[in-house]
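Taking it in order: structure first as C-alpha cells, then the write-up.
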Amino acid sequence: MKVMTLNFLTCAVKNCKSSNDSFPLHPKEAELAKDDIEINPQLLINVLPRIDWAALRTTSTELGFPTLPEQPPSPEDLQNDEALLKELHELLMETQMMEGKLVCGHCGHEYAVKNGVANFLLPSHLV
Amino acid sequence: MLPTPDTSHVPYQRVYEPAEDSFLLLDTLSSSSETAFLSSRFSSPTSSSSATPTPLVLEVGPGSGVVIAFLTAHASTIFGTPHVLTTAIDVSPFACAATNLTVRKAVTENLATAGSWTSAVQGDLVTPLRAGSVDVLVFNPPYVPTPDLPAPPPTKLQELREKTTFEEDSHLLELTYAGGRDGMETTDRLIEALPEVLSQRGVAYILLCAQNKPEEVKERIRKMGSAQEGEGEWKAETVGTSGKQAGWEKLQIVRVWR
Chain A
-2 MKVMTLNFLT
8 CAVKNCKSSN
18 DSFPLHPKEA
28 ELAKDDIEIN
38 PQLLINVLPR
48 IDWAALRTTS
58 TELGFPTLPE
68 QPPSPEDLQN
78 DEALLKELHE
88 LLMETQMMEG
98 KLVCGHCGHE
108 YAVKNGVANF
118 LLPSHLV
Chain B
5 MLPTPDTSHV
15 PYQRVYEPAE
25 DSFLLLDTLS
35 SSSETAFLSS
45 RFSSPTSSSS
55 ATPTPLVLEV
65 GPGSGVVIAF
75 LTAHASTIFG
85 TPHVLTTAID
95 VSPFACAATN
105 LTVRKAVTEN
115 LATAGSWTSA
125 VQGDLVTPLR
135 AGSVDVLVFN
145 PPYVPTPDLP
155 APPPTKLQEL
165 REKTTFEEDS
175 HLLELTYAGG
185 RDGMETTDRL
195 IEALPEVLSQ
205 RGVAYILLCA
215 QNKPEEVKER
225 IRKMGSAQEG
235 EGEWKAETVG
245 TSGKQAGWEK
255 LQIVRVWR
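Protein sequences appear in the order of chains A and B.
Under my numbering, read the first sequence as residues -2 to 124, first letter to last.
Under my numbering, read the second sequence as residues 5 to 262, first letter to last.
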C-alpha cells in the first residue's frame, strides 16, 4: 500500500474516530518497496491542499524519511522547490508498505499489512 | 467507447466476474452527462494558477477491479483532469489483489489519460477512512434479496493463499451478491455512512435493482441529515438504467450529492 493512503486511513474502531490519537496510524516493522514512477509536479501541487501535513510529517519520520518542514509549502514555494517535490514524490507516490503493522495510537489495535494490502477487518469483539 | 480494462487474471471462482451491473456503471460514469457533471465539479480551472484539490475516488467492493481500473485509466476523459487519486476497499483479500493488478495493467495501457492509483485496502465498507475524505464513491453492492446476510470472512479467509476449498469460494461469492432483507442490508449501512465519509463536494454512485425499492431508497437519502450544518440538502437521482424489462427498470445507478 502506498504511503499516500496513510493520509486518509484511520482506525476502523468506531470509538476511536473522535480521538486525535487514532490518526495517523503508526507503521511498525514496516518493509518498504519503491515503485519507479515519473515525477508529476502539478499532481503534487494539486494533492498538497488535501494532505494533512502534520500527519504526513509524522508518517515520514516514522518510516525513516527526512523530516519535512514544519509548515506545508505554498503551491508557489513547492513549484520552485525541486528538492521538496522530489522528496514528496518519493514518499507519497513511489513508496509502498509491503509488510508490517499499522498501530492505532488510541486503542492500540494492530492492523496487519501483508503482500502490500492492509487488513482493516475487525475481530468481532471490536465491531 | 472507452476500452474496458482487462480482467483475464482474476480468479472468478472466488471473485465476482464483471457482469451487466459492472458494465452499467462503466457506461453511466463515462456518459456525456456524467462526465460533464464530474468535470465541472473536480477539474481545475484552466486559466487560473490556484490549485483545485485533487479528488479522492473510492470504489467500495471492487471485486475484479474493472470499474475502478476504468475510472483510473480514463481519468482525464471522465473527470476532466488526470489529477485524481483512486483507491478501493473490499472485504476479500483475493478481490484486493485482483483489483491492484487490474488497475495497474489498465494504467500502463492508458498512461496519457490515467489518474494516480494508490492501493486497495481490505476492510468493511468505509470504516477505515477518515471523515470527509472521499470525493467520489462508487458502490456496486451485494443487492440480491436473500433470507440472511452471509457472515463476514473468518480470519483464515482474510489472507491471500494459493488454495481455498469449494465452501470457502462459495462463501466469498455469496458475499458479493447476497444483500439480506430487500437486498438492502449492506447498502443501507453504506448510505448511513455517507454524510460522514463524503467531502462537502462529495458524490456517490450506487447501483440498485428493482427489488431494492429504488424510489423509497432515494426518498430516504433526500431526508438524510448532515454531519455538519450548512452542507446543503441531499439529492438523489437516477442517472443510468439497464432499460425497461416487463415494464420496470431492472438495474439503475443513483447519483447522491448535495
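We put the CB at the ideal spot given by N, CA and C, even for glycine.
Extent of the continuous beta strand (DSSP E) run through residue i
| i | result |
| --- | --- |
| valine 71 of chain B | From DSSP, valine 71 of chain B is part of no beta strand (DSSP E) but of the alpha helix (DSSP H) over 70 to 77. |
| leucine 119 of chain A | Run containing leucine 119 of chain A: none; DSSP gives neither H nor E here. |
| tyrosine 108 of chain A | 107 to 111 |
| alanine 240 of chain B | 239 to 245 |
First and last residue of the uninterrupted alpha helix (DSSP H) at residue i
| i | result |
| --- | --- |
| cysteine 8 of chain A | No alpha helix (DSSP H) holds cysteine 8 of chain A; DSSP gives it neither H nor E. |
| serine 137 of chain B | No alpha helix (DSSP H) holds serine 137 of chain B; DSSP gives it neither H nor E. |
| threonine 190 of chain B | 189 to 201 |
| valine 107 of chain B | 97 to 113 |
| leucine 62 of chain B | No alpha helix (DSSP H) holds leucine 62 of chain B; the beta strand (DSSP E) holding it covers 60 to 64. |
| proline 218 of chain B | 218 to 226 |
| aspartate 78 of chain A | It is not in any alpha helix (DSSP H) - aspartate 78 of chain A carries neither H nor E in the DSSP assignment. |
DSSP three-state assignment for residue i, whether helix, strand or coil
| i | result |
| --- | --- |
| valine 88 of chain B | coil |
| isoleucine 126 of chain A | With chain A represented from -2 up to 124, any question about residue 126 of chain A goes unanswered, as that position is not in the structure. |
| methionine 95 of chain A | strand |
| histidine 13 of chain B | coil |
| tryptophan 50 of chain A | helix |
| serine 57 of chain A | helix |
| lysine 1 of chain B | Chain B is shown only over 5 to 262; residue 1 of chain B falls outside these bounds and no answer can be derived. |
| lysine 83 of chain A | helix |
| valine 130 of chain B | coil |
| tyrosine 181 of chain B | helix |
| alanine 214 of chain B | helix |
| proline 63 of chain A | coil |
| leucine 40 of chain A | helix |
| lysine 248 of chain B | strand |
| cysteine 104 of chain A | coil |
| glutamate 26 of chain A | strand |
| lysine 160 of chain B | helix |
| aspartate 152 of chain B | coil |
| serine 120 of chain B | strand |
| phenylalanine 143 of chain B | strand |
| serine 51 of chain B | Only weak support is given to the placement of serine 51 of chain B: the predicted model assigns it a pLDDT of 43, under 50, and the question is left unresolved by the model. |
Per-residue contacts from residue i into chain C (C-beta, under 8 Å)
| i | result |
| --- | --- |
| glycine 113 of chain A | Absent from the structure: chain C. Protein chains present are A and B. |
Presumed contact (8 Å Cβ cut-off) between residue i and residue j, rounded CB distance
| i | j | result |
| --- | --- | --- |
| threonine 180 of chain B | tyrosine 20 of chain B | 4 Å |
| threonine 58 of chain B | valine 88 of chain B | 6 Å |
| leucine 29 of chain A | glutamine 68 of chain A | Between glutamine 68 of chain A and leucine 29 of chain A the Cβ distance is about 26 Å, and since that is not below 8 Å, they are no contact. |
| proline 86 of chain B | alanine 79 of chain B | 5 Å |
| asparagine 144 of chain B | leucine 29 of chain B | 6 Å |
| aspartate 25 of chain B | leucine 255 of chain B | 6 Å |
| leucine 164 of chain B | alanine 101 of chain B | 6 Å |
| leucine 75 of chain A | leucine 65 of chain A | In fact, because the Cβ distance is near 12 Å, the residues do not count as touching under 8 Å. |
| valine 64 of chain B | leucine 129 of chain B | 6 Å |
| leucine 120 of chain B | methionine 95 of chain A | As written in the sequence, residue 120 of chain B is serine, which differs from the leucine given in the question. Rounded, the Cβ-Cβ distance is 19 Å, inconsistent with contact. |
| lysine -1 of chain A | serine 123 of chain B | 5 Å |
| arginine 262 of chain B | glutamate 237 of chain B | 6 Å |
Residue i CB to nearest heavy atom of the ligand FMN below 7 Å
| i | result |
| --- | --- |
| histidine 106 of chain A | The ligand content of the structure shown is nil, which means the ligand FMN is not present either. |
Quick one: complete alpha helix (DSSP H) runs, 4+ long, within the segment 17 to 48 of chain B? Residue ranges of uninterrupted alpha helix (DSSP H) with 4 or more members, entirely inside the segment 17 to 48 of chain B and ordered along the chain, are 24 to 33 and 36 to 46.
Cβ pair count under 8 Å reaching 3, the segment 116 to 123 of chain A against the segment 12 to 21 of chain B: Touching, no, given that fewer than three Cβ pairs across the two stretches are closer than 8 Å.
Does the segment 208 to 225 of chain B come within contact of the segment 131 to 146 of chain B, defined as at least 3 CB pairs closer than 8 Å? Touching, yes.
Segment contact flag, the segment 173 to 188 of chain B with the segment 143 to 151 of chain B, C-beta cutoff 8 Å, min 3 pairs: Short answer: they touch.
With a cut-off of 8 Å, do at least 3 Cβ pairs link the segment 99 to 107 of chain A to the segment 69 to 84 of chain A? They do not touch, by the three-pair rule.
Cβ pair count under 8 Å reaching 3, the segment 191 to 204 of chain B against the segment 218 to 230 of chain B: Result yes; three or more Cβ-Cβ pairs closer than 8 Å.
Do three or more CB pairs link the segment 98 to 116 of chain B to the segment 25 to 34 of chain B at distances below 8 Å? These segments do not touch.
Decide yes or no for the touch test of the segment 4 to 24 of chain A against the segment 46 to 63 of chain A: beta carbon pairs closer than 8 Å, at least 3 of them. Contact between the segment 4 to 24 of chain A and the segment 46 to 63 of chain A is established, with three or more Cβ pairs separated by less than 8 Å.
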